[in-house]
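Count along the sequence shown from 1, add 55, and you get the number used in this note's numbering.
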Amino acid sequence: MSGLDLAQLGHAGDFGALAHYADPAYYAKAYRSRRQDVAYYVALAERVGGPLLEYAIGDGRVALPLARAGHEVWGVDLSAPMLAALEQRLSKETPEVRRRLHLARGDMRRWRTRRRFPLIISAFNSVLHLYTRDDV
Numbered sequence: 056m057s058g059l060d061l062a063q064l065g066h067a068g069d070f071g072a073l074a075h076y077a078d079p080a081y082y083a084k085a086y087r088s089r090r091q092d093v094a095y096y097v098a099l100a101e102r103v104g105g106p107l108l109e110y111a112i113g114d115g116r117v118a119l120p121l122a123r124a125g126h127e128v129w130g131v132d133l134s135a136p137m138l139a140a141l142e143q144r145l146s147k148e149t150p151e152v153r154r155r156l157h158l159a160r161g162d163m164r165r166w167r168t169r170r171r172f173p174l175i176i177s178a179f180n181s182v183l184h185l186y187t188r189d190d191v
């Protein structure tokens, strides 16, 4: 599980979920069929505009369709393996799509920027990894 520091997570309950984030191929297979939320986020971005921020961007399951639809997406994720998988997927995209996607490795609980976003998303179940009021 290189690239994901268990000490950073700080919660023993997270260990069961680590396989999802330490092995991007496992994540992709496990969540391949989850697409309903992608259409929702693309439609929402069309109404709100951008740029937009996605916390826990993962392998780009949501971000890539947003970038393909013409939206500038900034994404943050704690998992180096998931970001590497996204970079691999991104390398196969057009130059226009690659220019629209900006990645950062970081903890969504602590990552900060001066940039403002009209839309910030944390798709699927990533918010479930925030256990305390301080985390949120």
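All residues carry an ideal CB built from backbone N, CA and C; glycine is no exception. The structure presented is a predicted model; accordingly, all values stated were derived computationally and were not measured.
Leu120 to Asp132 span [Cα, whole Å]: Working through the sequence shown from its first residue, we reach residue 120 at position 65. Working through the sequence shown from its first residue, we reach residue 132 at position 77. The residue asked about is misnamed: residue 120 is Pro in this sequence, not Leu. Spanning the two alpha carbons is a distance of roughly 17 Å.
Can you tell me whether Glu127 is helix, strand or coil according to DSSP? Mapped onto the sequence shown, residue 127 falls at position 72. Here Glu127 sits in coil by DSSP.
Please go through the same chain and pick out, in chain order, the residues whose beta-carbon is closer than 6 Å to the beta-carbon of Trp166, but skip the five residues on each side of it. Your numbering for residue 166 matches position 111 in the sequence shown. Excluding five sequence positions before and after Trp166, the CB atoms of its chain that fall closer than 6 Å to its own CB belong to Val131, given in chain order.
Considering Cα atoms alone, identify which of Ile112, Tyr95, Gly105 is closest to Ala135. What you label residue 135 is simply residue 80 of the sequence shown in a count that begins at 1. The residue from Ile112, Tyr95, Gly105 with its alpha-carbon nearest to that of Ala135 is Ile112.
Arg123 vs Val152 beta-carbon contact at 8 Å: Position 68 of the sequence shown, counting from 1, holds the residue named residue 123. Position 97 of the sequence shown, counting from 1, holds the residue named residue 152. Their beta carbons are under 8 Å apart, which means Arg123 touches Val152 by this criterion.
What distance in whole Å lies between the Cβ atoms of Ala140 and Val128, which are believed to be in contact at a cut-off of 8 Å? The count along the sequence shown starts at 1 and reaches residue 128 at position 73. The count along the sequence shown starts at 1 and reaches residue 140 at position 85. Not really, about 16 Å apart at Cβ, beyond 8 Å.
Quick one: residues in its chain with C-beta nearer than 8 Å to the C-beta of Glu142, no 5 flanking neighbours on either side, listed in chain order? Here residue 142 corresponds to residue number 87 of the sequence shown, with the count starting at 1. Taken in chain order, the residues that qualify are Leu158.
By the 10 Å Cβ neighbour count, where 16 or more other Cβ atoms means buried, how is Arg169 classified, buried or exposed? Position 114 of the sequence shown holds residue 169. Counting Cβ neighbours within 10 Å, Arg169 comes out exposed, since fewer than 16 surround it.
Are the CB atoms of Arg102 and His126 nearer to each other than 8 Å? If you number the sequence shown from 1, residue 102 lands on position 47. If you number the sequence shown from 1, residue 126 lands on position 71. Result no, Cβ atoms of Arg102 and His126 do not sit closer than 8 Å.
Under a three-way DSSP split, which group does Ala159 fall into? As a first step, residue 159 is located in the sequence shown; it is residue number 104 there, counting from the start. Of the three classes helix, strand and coil, the one that applies to Ala159 here is strand, per DSSP.
Quick one: Cα of Ala178 to Cα of Pro150, how far? As a first step, residue 178 must be located in the sequence shown, where it is residue number 123. As a first step, residue 150 must be located in the sequence shown, where it is residue number 95. For the pair Ala178 and Pro150, the Cα-to-Cα distance works out to about 25 Å.
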